[in-house]
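**Student:**
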Amino acid sequence: MADKPAWYKRVYPKNQVPSLEDNKKIIGGSLDQIKYIDSNFDGHKLITDVSSS
């Protein structure tokens, strides 16, 4: 996303997309966001654990 609004850098100083805000915590990077969602929310996991196969 090349044309980010001016306020975005205040939200996520690294000024990268995507970013996720939950409970005043900002998480950047798709993989980190997926891991955060898997760890903090119930339901189907976005990353499956293949180590037990």
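For reference, each letter of the sequence shown is one residue, going 1385 to 1437 in the numbering used here.
The beta-carbon is built from N, C-alpha and C at its ideal position, and this holds for glycine as well.
Note that this is a predicted model, so its numbers are computed, not measured.
(1) Compute the Euclidean distance between the alpha carbons of serine 1423 and tyrosine 1396, then round it to the nearest angstrom.
(2) Got a sec? Which residues, its chain only, sit under 7 Å from glycine 1412 by beta carbon, not counting five neighbours each side?
(3) Quick check on the DSSP output: the alpha helix (DSSP H) that includes serine 1403 runs from which residue to which?
(4) Is the separation between the beta-carbon of isoleucine 1418 and that of isoleucine 1410 shorter than 8 Å?
**Tutor:** In short:
(1) On the sequence shown, position 39 is the one that residue 1423 refers to. On the sequence shown, position 12 is the one that residue 1396 refers to. Roughly 21 Å separates the two Cα atoms.
(2) Counting from one through the sequence shown, the residue named residue 1412 turns up at place 28. Counting only Cβ-Cβ distances below 7 Å, and skipping sequence neighbours, we find Tyr1396, Lys1398, Gln1400, Ser1403.
(3) Start at 1 with the first residue of the sequence shown, and residue 1403 comes out as number 19. Looking at the DSSP string, serine 1403 is not in any alpha helix (DSSP H); the run it does join, the beta strand (DSSP E), is 1403-1406.
(4) Here the question's residue 1418 lines up with position 34 in the sequence shown. Here the question's residue 1410 lines up with position 26 in the sequence shown. For isoleucine 1418 and isoleucine 1410, no; Cβs fall outside 8 Å.
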